[in-house]
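J.: First the structure, then my questions, so here it is.
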Amino acid sequence: MIKVLKEVAVYSKSRIDLDNISIKNYVTTDNLLQNKSGKTDATKLPKQTSDSVTRFDQDDILIGNIRPYLKKIWFAKYSGGSSTDVLTLKVKKNNHPEFIFYSLFRDEFFEHMMNGSKGTKMPRGDKNQVLEFPVPDFDFETQKHIAKVLSDFDAKIEVNNQINQQLEAMAKTLYDYWFVQFDFPFDFAQDKPDENGKPYKSAGGTMVYNKELKREIPDGWEVGSLSSWIKNDKSGDWGGKESEQGNYVNKVSCIRGADLNGLNGKGDVKAPTRYVLEKNSHKLLEVGDFIIEISGGSLLSQLVVWHS
12 MIKVLKEVAV YSKSRIDLDN ISIKNYVTTD NLLQNKSGKT DATKLPKQTS DSVTRFDQDD
72 ILIGNIRPYL KKIWFAKYSG GSSTDVLTLK VKKNNHPEFI FYSLFRDEFF EHMMNGSKGT
132 KMPRGDKNQV LEFPVPDFDF ETQKHIAKVL SDFDAKIEVN NQINQQLEAM AKTLYDYWFV
192 QFDFPFDFAQ DKPDENGKPY KSAGGTMVYN KELKREIPDG WEVGSLSSWI KNDKSGDWGG
252 KESEQGNYVN KVSCIRGADL NGLNGKGDVK APTRYVLEKN SHKLLEVGDF IIEISGGSLL
312 SQLVVWHS
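Residue numbers (the numbering used here): 12 to 319.
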């Protein structure tokens, strides 16, 4: 059985005074995270153009309504206020709020929003059309069971994400110690790095001034460019076709900048299929290749190491 969203949820009509919101419980499209990654704290509060904003409560569903393709959605864990560009849904009785949330957590929902959106540069979802999205219709206990299974998976994913963030922070700290402060572990007796050694610079390791970097670096170190480490540059136009035709017979998945978050485990990968010439086979990715996104000539700090 299928129902449409307006049968199981309504937009919040309640208000909350500005005095009762803070950066912790104020939600705008700016602090809802892309690719269904929840929310972070707001960077600023609304201007005093009115005394209140839309209120949300625990178990409400908040959705970014500007550029729906960014897939911004959050299941509220507490009460607060939201801006006018955030859709705040309250689930009706006899429906499990978290089940409805997961029903909207799908890419199909955001595609539905885009299909009804207005505007090109900054498309905005149509509030009435959004409520026509079909959702599964189960009895309450079934909804509760499904939501429990999915939320358990989410909890495990969140733990893994926290571990990854901690490991990433440790890696950055280690890099800073070793390659910025030059306090990598060093065995002075054997004159070589050693995991049980002393911190090189702090322990009196010889430092030599480098004119290119305009700073001191460890004695024996050299300065080079990234290009000296690159064996082959596979970037450039593939010249691919969307369907097999003529000499375009090699079927490949074309990795785009939009797919890098997914490859890093932070979103979806929807790499389109393309057909390329045999002469471009040397551009196929191999294990250990680096993929770096460059948009408009500006490096956006997105990096993936290819593992498969």
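We put the CB at the ideal spot given by N, CA and C, even for glycine.
#1: Check D187 in the structure and name its three-state DSSP category.
#2: Which residue from F116, N31, D187 and L314 puts its Cα closest to that of D68?
#3: Go ahead and label Q192 buried or exposed: buried means 16 or more other beta carbons lie within 10 angstroms of its beta carbon, across all protein chains shown.
#4: Taking the beta strand (DSSP E) that V15 falls in, what are its first and last residues?
#5: For the alpha helix (DSSP H) containing S264, list its first residue and its last residue.
#6: Name the two residues that bound the continuous alpha helix (DSSP H) containing D118.
#7: Which full runs of the beta strand (DSSP E) of 3+ residues lie inside the stretch 155–218, going along the chain?
#8: Report yes if the C-beta distance between E119 and L16 is below 8 Å; otherwise report no.
#9: Residue range of the beta strand (DSSP E) that S114 falls in?
#10: Do you know offhand how far I13's Cα is from V280's?
#11: Once you ignore the five residues that flank G299 on each side, which residues in its own chain have a CB closer than 6 Å to its CB?
#12: How about the stretch 166–175 and the stretch 125–143: do they share at least three Cβ pairs that are nearer than 8 Å?
#13: DSSP has L314 in a bridge; who is on the other side?
#14: For G91, is the classification buried or exposed, using 16 other Cβ atoms within 10 angstroms of its Cβ as the cut-off for buried?
#15: When the Cα of T145 is compared with those of H123, F195 and W232, which residue comes out closest?
#16: Which runs of the beta strand (DSSP E) at least 3 residues long sit entirely within the stretch 32–78? Give them in chain order.
#17: What are the boundary residues of the alpha helix (DSSP H) that K138 is part of?
#18: Find the nearest neighbour of V287 within the set T39, G276, G251 and L274, judged by alpha-carbon distance.
#19: Can you round the beta-carbon distance between T60 and S93 to whole angstroms, since I take them to be within the 8 Å contact cut?
#20: If we define contact as Cβ-Cβ less than 8 Å, is K245 a contact residue for chain D?
#21: Using a Cβ distance threshold of 8 Å, determine whether the stretch 260–271 contacts the stretch 226–244, with at least three qualifying pairs required.
#22: If you follow the alpha helix (DSSP H) that L274 is in, where does it begin and where does it stop?
#23: Confirm, please, whether the CB-CB distance from F121 to Y353 is below 8 Å.
#24: Could you say which of R135, N46 and Y22 lies nearest to R78 if we only look at CA atoms?
#25: Would the beta-carbon of L73 fall within 8 Å of that of T99?
#26: Under 6 Å Cβ to Cβ from L271, same chain only, skipping five residues before and after it: list those, please.
#27: In the DSSP assignment, the beta strand (DSSP E) including W85 goes from what residue to what residue?
#28: Look at the alpha carbon of S48 and the alpha carbon of Y37, and state the distance between them as a whole number of angstroms.
T.: A quick look at the data gives this:
#1: helix
#2: N31
#3: exposed
#4: I13 to V15
#5: First-last for S264: N261 to S264, but that is the beta strand (DSSP E), not the alpha helix (DSSP H).
#6: D118 to N126
#7: 196–198
#8: no
#9: Per DSSP, S114 belongs to no beta strand (DSSP E); it is in the alpha helix (DSSP H), P108 to L115.
#10: 28 Å
#11: none
#12: no
#13: I303
#14: buried
#15: Checking the sequence, you will find Pro at residue 145 rather than Thr. Checked all of H123, F195 and W232; the closest Cα to P145 is H123.
#16: 63–67 and 72–75
#17: K138 to V141
#18: G251
#19: With 8 Å as the limit, T60 and S93 do not qualify as a contact, their Cβ atoms being about 15 Å apart.
#20: Here there is only one protein chain, and chain D is not present.
#21: no
#22: L271 to L274
#23: Because the chain here runs from 12 to 319, residue 353 falls outside it and cannot be looked at.
#24: R135
#25: yes
#26: E304, Q313 and V315
#27: I84 to F86
#28: 17 Å
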